[in-house]
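Residue numbers (full-length UniProt numbering): 1 to 146.
Yeah, the Cβ is synthetic: ideal placement off N, Cα and C, and Gly gets one too.
Okay, here's the thing in structure tokens:
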């Protein structure tokens, strides 16, 4: 009898490497991460630990799905000339696609941070103006059908 290469569990029947589909999926993910990004799962865990166990931007932790599996986070890396560039960190799906996905280089991110830190309106007017927001709409009574 041999052991599973991922968890060390006992292999039964025709199984040659993995005790089940969960271990097989974990090994496939590890191989893919190493092939595409050049890091091991241990290095992935180290990056995640450095970020406090969550997303590098919003700090949200991976959620557990209804089927018991954990939400998959994304390895963020620079996209240089259509090629994968330096690895920056691990992000939740929202931050990866909605925030970082829109910013192609760090200069835009820096401009966004500067814009939020020192708004042009405050510099131009010399004071902070608080927008009152939209007035509440008056509720229209429902029309009765005849």
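In the DSSP output, what is residue i paired with across the bridge?
i: residue 87; result: 77
i: residue 10; result: 3
Return the CA-CA distance between residue i and residue j, expressed in angstroms with no decimal places.
i: residue 117; j: residue 110; result: 10 Å
i: residue 97; j: residue 23; result: 28 Å
i: residue 43; j: residue 103; result: 25 Å
i: residue 13; j: residue 66; result: 30 Å
i: residue 89; j: residue 77; result: 7 Å
i: residue 74; j: residue 121; result: 36 Å
i: residue 48; j: residue 107; result: 25 Å
i: residue 145; j: residue 136; result: 27 Å
i: residue 17; j: residue 112; result: 49 Å
i: residue 221; j: residue 7; result: Because residue 221 is not part of the residues shown, which for the chain are 1 to 146, the question remains open.
i: residue 138; j: residue 128; result: 30 Å
i: residue 19; j: residue 94; result: 33 Å
i: residue 68; j: residue 114; result: 41 Å
i: residue 140; j: residue 46; result: 58 Å
Just to check my reading of the structure: residue i and residue j have Cβ atoms closer than 8 Å, yes? What is that Cβ distance to the nearest angstrom?
i: residue 57; j: residue 91; result: 6 Å
i: residue 27; j: residue 5; result: 7 Å
i: residue 87; j: residue 39; result: 7 Å
At the 8 Å Cβ level, is residue i part of the contact set with chain B, yes or no?
i: residue 111; result: In the displayed structure, chain B is absent; only one protein chain is listed.
Requested in this report: Output the residue ranges of the alpha helix (DSSP H) runs that lie fully inside the segment 28-78 and measure 4 residues or longer, sorted by chain position.
Outcome: 41-50
**Report entry** Touch test, the segment 52-71 against the segment 32-40, Cβ-Cβ under 8 Å, three pairs minimum
**Finding:** no
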